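A.B. asks:
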Amino acid sequence: METNLWKKYADKRDELENFCSGYKDFISTCKTERECIKRAIIEAEKAGFRSLRELIKNGEKIKAGDKVYSVNMNKSMILFVVGKQPIENGINILGAHIDSPRLDLKATPLYESGDFCMFDTHYYGGIKKYQWTALPLALHGVVVKKDGSTIEVNIGENENDPVFCISDLLPHLDRKAEAKYKEVNGEDLNILAGTISDEKAKKDKIKSNILGILKEKGIENDDFFSAEIEVVPAGRARDLGLDKSMVLGYGQDDRVCAYTSLKAILEAEAPEYSAMCLLVDKEEIGSIGATGMHSQYFENALAEIMNIAGQYTELALRRAMTNSAMLSSDVTAAVDPNFTAPFNLATDAHLGKGLSLNKYTGSGGKSGANDANPEFIGQIRKILDDADVVYQATEMGRVDEGGGGTIAYLMAKYGMNVIDAGVPVISMHAPWEVTSKVDIYEAYRGYVAFLKSVR
Ligand code: MN
Ligand code: MN
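The working numbering puts the first residue of the sequence shown at 18, with every later residue one more than the last.
Put into structure tokens, the structure is as follows:
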């Protein structure tokens with residue numbers, strides 16, 4: 018609590034701002050899983066990482082110091098740096114998720130209602146629905162045509178782009194509902210898409226006009242079925258506060274840890290143990306599916322990597338997973354100055370106090386938690402202290418107040434040591450989330466130290 022992390026950076030503000038401006042740009046332009054992966058591939062190739070698929074196709078082998086990346090369905094990814102020690106001795110793993118709460122367009126989203134054409138949505142992840150009304154929204158995603166071609170959609174981010182919006186009732190006519198304003202129904206999160214009629218159309222004139230505009234972009238009504246269009250807050254991440262100490266941005270859960278983890282692996286050079294960064298999808302809805310942490314993708318990709326390193330046997334793969342250690346790099350809730358009630362001020366995370374380590378998450382008596390082992394935490398303390406990284410030992414909220422989960426338990430099932438280590442966030446899952454620049458930078462420094470560490 019006493020640690021004033023800003024004091025540490027008083028003479029190094031430029032270093033901090035430089036890192037955070039890269040971060041702000043990342044979350045301003047990468048607002049979907051696919052956009053994060055696309056950017057990560059560009060940065061990885063710049064840093065000397067080579068595609069696992071290409072290496073396999075060309076029958077090439079890899080050795081200590083080599084860097085490899087693997088992409089799964091454009092929505093999850095592994096970056097790997099081969100260590101000096103055999104891979105079966107264990108890997109230092111950073112794992113973050115790149116999906117964030119949002120609204121998804123339905124498979125048949127367009128309809129006409131009164132004077133409007135609307136987009137119907139189904140929300141993704143845990144949101145407070147009322148927060149998503151009456152603010153500018155953008156559409157990001159892809160439409161896949163029957164011939165396999167893909168049309169990228171990104172509307173609402175450029176100054177001249179239109180934006181989208183979910184309407185909300187004026188307070189004058191909302192007296193009855195005001196007291197329970199939080200009860201906006203998921204089904205009512207419909208987006209205003211347009212109001213002009215196509216006079217030549219026989220029915221649904223406004224929808225017909227919107228379909229005409231979409232057709233110019235190559236998109237037909239039926240194409241929405243094979244599309245993945247995410248509705249996200251429009252606009253860039255910004256400095257927050259007169260002292261510019263914080264970042265206000267969309268999707269910081271968990272792209273703040275994804276970015277810092279990615280940056281850490283990109284600069285890993287010939288580490289003692291192999292180093293890995295996992296960027297995964299679907300954490301916000303239970304990590305299920307081919308691109309979530311529940312899938313076999315991690316094991317399969319690791320087997321391929323060990324194979325081209327000439328180190329694959331079934332036993333070596335099992336040992337590699339068991340001997341690995343992981344920082345589950347996911348955000349945690351920081352004490353909110355406006356809503357302190359659900360927090361324990363002594364044991365919860367505070368903004369600006371450094372990398373937050375949650376020994377366990379879960380809720381209601383640690384249910385569903387990965388409870389990290391003290392032997393492992395002892396090692397982590399030494400790694401962070403030796404690297405002069407400031408961290409805080411935290412929980413998420415008062416006991417029995419609620420709770421949360423991460424991908425930690427899904428990696429722990431392999432028998433490896435895992436602890437949650439991430440950036441504290443205020444207004445988590447809101448359209449605009451708050452982080453502190455010192456925490457972001459300290460997390461990155463902690464991840465760098467961890468990837469280099471020898472256990
Ligand atoms: Mn998260
Ligand atoms: Mn979350």
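Note that beta-carbon positions come from the ideal geometry of N, C-alpha and C, so glycine has one too. Keep in mind that this is a model prediction, so the values were computed, not measured.
So the beta strand (DSSP E) residue 439 belongs to, where does it begin and stop?
C.D. replies: Secondary structure note for residue 439: its beta strand (DSSP E) is the uninterrupted segment 434–439.
A.B. asks: Are any of the Cβ atoms in chain C nearer than 8 Å to that of residue 396?
C.D. replies: The structure shown contains no chain C; it is built from a single protein chain.
A.B. asks: Between 420, 405, 403, 404, which has its C-alpha nearest residue 411's C-alpha?
C.D. replies: Answer by Cα proximity: 420.
A.B. asks: In the DSSP assignment, find the unbroken beta strand (DSSP E) run with residue 242 in it and report its ends.
C.D. replies: Taken as a continuous stretch (DSSP letters only), residue 242 belongs to no beta strand (DSSP E), as it is neither H nor E.
A.B. asks: Closest by CA to residue 240, which one among 213, 161, 375?
C.D. replies: When only C-alpha atoms are compared, the closest one is 161.
A.B. asks: Tell me whether the beta-carbon of residue 389 lies closer than 8 Å to the beta-carbon of residue 376.
C.D. replies: yes
A.B. asks: Provide the residue(s) that pair with residue 250 in DSSP beta bridges, ordered along the chain.
C.D. replies: BP columns for residue 250 point to 154.
A.B. asks: Is residue 439 near residue 274, with beta carbons less than 8 Å apart?
C.D. replies: Contact: yes.
A.B. asks: Suppose the cutoff is 8 Å on Cβ atoms and the five residues either side in sequence are ignored; what does the same chain contact list for residue 288 look like?
C.D. replies: 98, 100, 101, 109, 468, 469
A.B. asks: Whose CB is closer than 6 Å to a heavy atom of ligand 2? List the residues in chain order.
C.D. replies: 270, 301, 446
A.B. asks: Thinking C-beta only, is residue 277 closer than 8 Å to residue 464?
C.D. replies: yes
A.B. asks: Under the DSSP definition of a beta bridge, which residues are partnered with residue 294?
C.D. replies: The partner list for residue 294 (beta bridge, DSSP) reads 96, 111.
A.B. asks: In terms of residue numbering, what span does the beta strand (DSSP E) encompassing residue 415 cover?
C.D. replies: Run containing residue 415: none; DSSP gives neither H nor E here.
A.B. asks: How long is the line joining the alpha carbons of residue 252 and residue 146, rounded to whole angstroms?
C.D. replies: 20 Å
A.B. asks: What would DSSP say about residue 353, mapped onto helix, strand or coil?
C.D. replies: strand
A.B. asks: Please name the residue in 339, 393, 182, 67 whose C-alpha comes closest to that of residue 209.
C.D. replies: 182
A.B. asks: Taking a contact to mean a Cβ-Cβ separation below 8 Å, would you say residue 43 touches residue 56 in this structure?
C.D. replies: yes
A.B. asks: Cβ of residue 347 within 7 Å of any heavy atom in ligand 1?
C.D. replies: yes
A.B. asks: Out of curiosity, what's the CA-to-CA distance linking residue 177 and residue 84?
C.D. replies: In a straight line, the C-alpha of residue 177 is about 40 Å away from that of residue 84.
A.B. asks: Would you identify the three-state DSSP class for residue 472, choosing helix, strand or coil?
C.D. replies: Residue state, collapsed to three classes: coil.
A.B. asks: Any heavy atom of ligand 1 inside 7 Å of the beta-carbon of residue 311?
C.D. replies: no
A.B. asks: Is it the case that the stretch 244–260 contacts the stretch 147–161, given that we only count it when at least three CB pairs across the two stretches are under 8 Å?
C.D. replies: yes
A.B. asks: Measuring alpha carbon to alpha carbon, tell me which of 128, 443, 81 ends up nearest residue 360.
C.D. replies: 443
A.B. asks: Measuring CB to CB, does residue 312 end up less than 8 Å from residue 437?
C.D. replies: Cβ distance not < 8 Å, so residue 312 and residue 437 don't count as in contact.
A.B. asks: What did DSSP end up calling residue 257 once you bin it into helix, strand or coil?
C.D. replies: strand
A.B. asks: If you draw a straight line from the alpha carbon of residue 41 to that of residue 219, how long is it in whole angstroms?
C.D. replies: 47 Å
A.B. asks: Since residue 409 is in the beta strand (DSSP E), which residue starts that stretch and which ends it?
C.D. replies: 408–411
A.B. asks: Give me, in chain order, the residues of the same chain whose beta-carbon lies closer than 6 Å to that of residue 111; leave out the 5 immediate sequence neighbours on both sides.
C.D. replies: 278, 294, 344, 346, 464
A.B. asks: Helix, strand or coil for residue 280, going by three-state DSSP, please let me know.
C.D. replies: helix
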